[in-house]
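**Q**
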Amino acid sequence: MGGAYSAAKEIKPRCPGLIDGVGGKVRGVAAASYMAIGSEWAQRAGRILTGSLSDLNPFRTDEPYLSVDIGSSSAKLLEVVGDAGQLRVLNAVVLPTPASAIQNNMVSESGAVAEVIRAARESQGMRARRVIAAVPGPAVIIKRMTLPAQSASELENTILFEAGNFIPEDLENVNLDYQVTDYLDDGKRIEVVLVAAKKEIVASYAETIRAAGLMPAVIDVDYFALENMFEINYDMAADRAIALVNIGARYSSINILKGGRSTFTGDVPVGGRDISEALMRDLGLSMEEAELAKTGEVKAGVGREQAEAVIGSAASALIEEIHHALSFFWTAATDETIDAIYVSGGVGRMAGLAQLLSDRVGAPVEVANPFARVAVENKLNTPAFRAHAAEYAVAVGLATRRPNDK
Ligand SMILES: Nc1ncnc2c1ncn2[C@@H]1O[C@H](COP(=O)(O)OP(=O)(O)OP(=O)(O)O)[C@@H](O)[C@H]1O
Ligand SMILES: [Mg+2]
């Protein structure tokens, strides 16, 4: 389920002009875990992997958490304290994951990835055990609906009914979650975002975290993490449309915000791996050599210009796909332009990429700084850390989540 564009087909543009501000802030929607569908729904809707009762204690904001972004090329770990408004990063590390770690949007090599997480955590002396993690955007189906206002129990039934209609899976096999994101027409109608992910996918991430000796506390979705990262670091003018584009190794996530609220989410199955594969195919490089070539270290015997030409054309193809998706998700549906784009992910920090995207889309593109307004320990404040900052975009967004924070 999921996959490129699949979420977008269901998405209807919202009308931010009608927002009256009732209902509080939207902090993303968690891909609910192990949520029983049926009688327990009322108690458990909106809950995610809740570890213990201590999560409910509001005085424990000093408790450190680990945010763990498990990618197909690397795992990013942050150890943080404080809530979203006053986040402080104690430790940060990126370690490579095995090449076939993620298959079909799930962790296929749980043991090996758990070892990477364990090693990463220990290498930094991280002490936190509670983990906030994410499933990949392509693993979820997101549906936005406008419904008549109704009581919580009616809404649960409506949601189950709607979910049965659009989820191409037995609901037994699916984790569902929803959030009321807006109140329209003086509260007569509500806007709801419904998120569904296959149980086995959510479980593969949760089990990997447990196998690393840690406790999964929240499982979110990378799209929403990006949004939360942006929210804590940047100001958002009411009428601006901002596209957040996280370009990883395997796929790129897109979340388009209008007036600070998420309007479209989707993914494109392109990323840095496509550039590596072009280098391997056209120049006969190994995977490792291709990775080095992308950072300017070209192996002896291969011309630098040659490598640059291959990288340039693969990067252009990647940009073309992202441009196409942005048009599909946004311009075609609204006739409005995108006012600015923030890129992140490993490829987001690639030299010249922001300019390429800006030229293609015709909007200013900036490399997101997930730590723009986030305090980091002095020891982390090195040129190398700053150079890699964009890779932590999802991890920083995850770090803002806490159990039961909806
Ligand atoms: N300076 C750079 N120039 C070009 N590419 C880079 C640079 N730094 C990292 N990359 C590429 O970024 C990709 C890794 O990005 P990231 O860590 O965001 O991916 P991931 O989260 O592991 O993957 P995914 O989320 O798609 O499963 C790799 O393909 C890597 O080669
Ligand atoms: Mg990633």
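Letter by letter, the sequence shown follows residues 1141 to 1546 in my numbering. For glycine and all other residues, C-beta sits at the position ideal for the given N, C-alpha and C.
Could you give the DSSP three-state label for residue 1295: helix, strand or coil?
**A** By 1-based counting over the sequence shown, the position of residue 1295 is 155. Helix.
**Q** Buried or exposed: where does residue 1219 fall if 16 or more other Cβ atoms within 10 Å of its Cβ makes it buried?
**A** Indexing the sequence shown from 1 puts residue 1219 at position 79. Counting Cβ neighbours within 10 Å, residue 1219 comes out buried, since at least 16 surround it.
**Q** Measuring from the CB of residue 1390, is there a heavy atom of ligand 1 at a distance below 7 Å?
**A** Here residue 1390 refers to the residue found at position 250 when the sequence shown is read from its first residue. Yes, the beta carbon of residue 1390 sits closer than 7 Å to at least one heavy atom of ligand 1.
**Q** So, does the segment 1367 to 1383 touch the segment 1407 to 1427, judging by three or more C-beta pairs under 8 Å?
**A** Verdict: no, contact absent.
**Q** Please list the terminal residues of the continuous beta strand (DSSP E) segment that includes residue 1563.
**A** No answer is possible for residue 1563: it lies beyond the span of the chain, which begins at 1141 and ends at 1546.
**Q** Using the Cβ count rule (16 or more neighbours within 10 Å means buried), how would you classify residue 1436?
**A** Here the question's residue 1436 lines up with position 296 in the sequence shown. With fewer than 16 Cβ atoms within 10 Å of its Cβ, residue 1436 is classed as exposed.
**Q** Count the other CB atoms, across all protein chains shown, that sit within 10 Å of the CB of residue 1176; report buried if there are 16 or more and exposed otherwise.
**A** Counting from 1 along the sequence shown, the entry for residue 1176 is found at position 36. With a pLDDT of only 27 at residue 1176, under 50, the local geometry of the prediction cannot be trusted, and the value read off the model is given with reservation. That one is exposed.
**Q** Quick check on residue 1480: does DSSP put it in helix, strand or coil?
**A** Your numbering for residue 1480 matches position 340 in the sequence shown. Here residue 1480 sits in strand by DSSP.
**Q** Is residue 1485 near ligand 2, going by C-beta to nearest heavy atom under 7 Å?
**A** One-based indexing of the sequence shown puts residue 1485 at position 345. Under cutoff, so the answer is yes.
**Q** What residue from 1283, 1449, 1210 has the CA that sits closest to residue 1406's CA?
**A** Position 266 of the sequence shown, counted from the first residue, corresponds to residue 1406. The residue with the shortest Cα to Cα distance from residue 1406 is 1283.
**Q** Going by beta-carbon coordinates alone, are residue 1472 and residue 1508 separated by less than 8 Å?
**A** For the purposes of this step, residue 1472 is taken as residue 332 along the sequence shown, with counting starting at 1. For the purposes of this step, residue 1508 is taken as residue 368 along the sequence shown, with counting starting at 1. No, they are not a contact pair.
**Q** I'd like to know whether the C-beta atoms of residue 1250 and residue 1344 end up nearer to each other than 8 Å.
**A** Stepping through the sequence shown from its first residue, residue 1250 is reached at position 110. Stepping through the sequence shown from its first residue, residue 1344 is reached at position 204. Going by C-beta atoms, residue 1250 is nearer than 8 Å to residue 1344.
**Q** Going by the beta-carbon positions, is the gap between residue 1208 and residue 1289 smaller than 8 Å?
**A** In the sequence shown, residue 1208 corresponds to position 68, counting from 1. In the sequence shown, residue 1289 corresponds to position 149, counting from 1. Not in contact: residue 1208 and residue 1289 (Cβ atoms no closer than 8 Å).
**Q** Specify, as a first and last residue, the run of the alpha helix (DSSP H) that residue 1434 falls within.
**A** Counting from 1 along the sequence shown, the entry for residue 1434 is found at position 294. Segment 1427 to 1434, the alpha helix (DSSP H) holding residue 1434.
**Q** Could you check the C-alpha separation between residue 1453 and residue 1461 for me, to the nearest Å?
**A** Taking the first residue of the sequence shown as 1, we reach residue 1453 at position 313. Taking the first residue of the sequence shown as 1, we reach residue 1461 at position 321. Cα to Cα, residue 1453 sits roughly 13 Å from residue 1461.
**Q** Give a yes or no on contact between the segment 1358 to 1376 and the segment 1389 to 1400, applying the rule of three or more CB pairs nearer than 8 Å.
**A** Cβ pair count under 8 Å is three or more, so yes.
**Q** With three or more C-beta pairs closer than 8 Å as the rule, is the segment 1235 to 1253 touching the segment 1527 to 1545?
**A** These segments do not touch.
**Q** Any heavy atom of ligand 1 closer than 7 Å to the beta-carbon of residue 1461?
**A** Counted from its first residue, the sequence shown places residue 1461 at position 321. Incorrect: residue 1461 has no Cβ contact closer than 7 Å to ligand 1.
**Q** How would you call residue 1231, buried or exposed, if buried means at least 16 neighbouring beta carbons within 10 angstroms?
**A** Translated into positions along the sequence shown, residue 1231 becomes position 91. Counting Cβ neighbours within 10 Å, residue 1231 comes out buried, since at least 16 surround it.
**Q** With C-beta atoms as the reference, is residue 1390 less than 8 Å away from residue 1424?
**A** Counting from one through the sequence shown, the residue named residue 1390 turns up at place 250. Counting from one through the sequence shown, the residue named residue 1424 turns up at place 284. Not a contact, by the Cβ cut-off of 8 Å.
**Q** Just curious, the alpha helix (DSSP H) that residue 1469 is in, first and last residue?
**A** Within the sequence shown, the letter at position 329 stands for residue 1469. Per DSSP, residue 1469 belongs to no alpha helix (DSSP H) and is neither H nor E.
**Q** What are the start and end residues of each continuous alpha helix (DSSP H) run of 4 or more residues lying completely inside the segment 1189 to 1263, in chain order?
**A** The qualifying runs are 1250 to 1263.
**Q** Is there at least one non-hydrogen atom of ligand 2 closer than 7 Å to the beta-carbon of residue 1358?
**A** The count along the sequence shown starts at 1 and reaches residue 1358 at position 218. For ligand 2, not one heavy atom lies less than 7 Å from the Cβ of residue 1358.
**Q** Buried or exposed: where does residue 1427 fall if 16 or more other Cβ atoms within 10 Å of its Cβ makes it buried?
**A** Here the question's residue 1427 lines up with position 287 in the sequence shown. So residue 1427 counts as exposed.
**Q** Could you spell out the range, first to last residue, of the alpha helix (DSSP H) harbouring residue 1317?
**A** Here the question's residue 1317 lines up with position 177 in the sequence shown. No alpha helix (DSSP H) contains residue 1317, which is instead part of the beta strand (DSSP E) from 1314 to 1324.
**Q** What runs of the alpha helix (DSSP H), each 4 residues or longer, lie entirely inside the segment 1491 to 1534?
**A** DSSP runs (the alpha helix (DSSP H)) wholly in the segment 1491 to 1534: 1493 to 1501, 1523 to 1527.
**Q** Taking the beta carbon of residue 1441 as the centre, do at least 16 other beta carbons fall within 10 Å, making it buried, or is it exposed?
**A** As a position in the sequence shown, residue 1441 is number 301, starting the count at 1. Looking at its Cβ environment, which holds fewer than 16 other Cβ atoms inside 10 Å, residue 1441 is exposed.
**Q** Short of 8 Å in beta carbon distance, which residues of its chain neighbour residue 1304, apart from the five on each side in sequence? Order them along the chain.
**A** Stepping through the sequence shown from its first residue, residue 1304 is reached at position 164. Within the same chain, residue 1304 has close Cβ partners 1311.
**Q** Could you pull out every residue in the same chain whose Cβ sits closer than 6 Å to the Cβ of residue 1536, ignoring the five residues on either side in sequence?
**A** The count along the sequence shown starts at 1 and reaches residue 1536 at position 396. Closer than 6 Å at the Cβ level, and outside the excluded window around residue 1536, lie 1369, 1510.
**Q** Please list the terminal residues of the continuous alpha helix (DSSP H) segment that includes residue 1342.
**A** Looking up residue 1342 in the sequence shown gives position 202. Taken as a continuous stretch (DSSP letters only), the alpha helix (DSSP H) holding residue 1342 covers 1339 to 1351.
**Q** Do residue 1534 and ligand 2 come close, with the Cβ less than 7 Å from some heavy atom?
**A** Counting from 1 along the sequence shown, the entry for residue 1534 is found at position 394. For ligand 2, at least one heavy atom lies less than 7 Å from the Cβ of residue 1534.
**Q** Taking the alpha-carbon positions, what's the residue 1496 to residue 1421 distance?
**A** Here residue 1496 corresponds to residue number 356 of the sequence shown, with the count starting at 1. Here residue 1421 corresponds to residue number 281 of the sequence shown, with the count starting at 1. If I take the Cα positions, the gap works out to 23 Å.
**Q** Output the boundary residues of the alpha helix (DSSP H) element that contains residue 1422.
**A** The sequence position of residue 1422 within the sequence shown is 282, counting from 1. Where residue 1422 is concerned, the enclosing alpha helix (DSSP H) stretches over 1412 to 1423.
**Q** Keeping to the same chain, check which residues put their C-beta closer than 7 Å to that of residue 1180; ignore five residues upstream and five downstream.
**A** Against the sequence shown, residue 1180 aligns to sequence position 40. Low local confidence applies: a pLDDT of 36 at residue 1180 is under 50, so the model's placement there is unreliable, with the coordinate-based value given in what follows. Around residue 1180: no qualifying Cβ.
**Q** Hey, is residue 1313 close to ligand 4, as in C-beta under 7 Å from one of its heavy atoms?
**A** With respect to small molecules bound, the structure shown includes ligand 1 and ligand 2 and not ligand 4.
**Q** When the distance is taken between beta carbons, is residue 1362 closer than 8 Å to residue 1393?
**A** If you number the sequence shown from 1, residue 1393 lands on position 253. If you number the sequence shown from 1, residue 1362 lands on position 222. The answer is yes: Cβ separation under 8 Å.
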